[in-house]
Amino acid sequence: MTVERLPIKPKKAKKAGCPTCGLPASKEHGPFCSKRCKEIDLGKWFSGTYAIPAAEPPDSAEMEELIEAIEADKTDDKFY
Ligand SMILES: [Zn+2]
Numbered sequence: 024m025t026v027e028r029l030p031i032k033p034k035k036a037k038k039a040g041c042p043t044c045g046l047p048a049s050k051e052h053g054p055f056c057s058k059r060c061k062e063i064d065l066g067k068w069f070s071g072t073y074a075i076p077a078a079e080p081p082d083s084a085e086m087e088e089l090i091e092a093i094e095a096d097k098t099d100d101k102f103y
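Quick note, my numbering runs 23 ahead of the 1-based positions in the sequence shown.
Written as structure tokens, this is what we have:
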């Protein structure tokens, strides 16, 4: 017997979000979501690595997974 489960198909964001964290960009900060991410990205370019150790941004792929997990969780939750 087979138990068929609907696979969770995460939406792939076609519009590129913040290059640092992947969140939706803010008009105010260009392609970035916030000033912080903008500065982090600039730091990356200047140093070739993350320049702000105290504010280490999550890996973008990791962040994407997290967002997908949150979105999947929202769609699964129909108790509202
Ligand atoms: Zn960001």
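Ideal Cβ positions, reconstructed from N, Cα and C, are used throughout, including at glycine.
Separation of the CB atoms of Gly45 and Met86 is rounded to 5 Å, and the pair is thereby assigned contact status at 8 Å. With distances taken between CA atoms, Leu65 lies nearest to Cys41 out of Pro47, Glu27, Cys41 and Lys50. Under the three-state reduction of DSSP, Ser49 is assigned to coil, being neither helix nor strand. Collapsing the DSSP output to three states places Arg28 in coil.
In this structure Pro47 touches Cys56 by the C-beta definition: roughly 6 Å separates them, less than 8 Å. With a 10 Å radius around the Cβ and a threshold of 16 neighbouring Cβ atoms, Ile93 comes out exposed.
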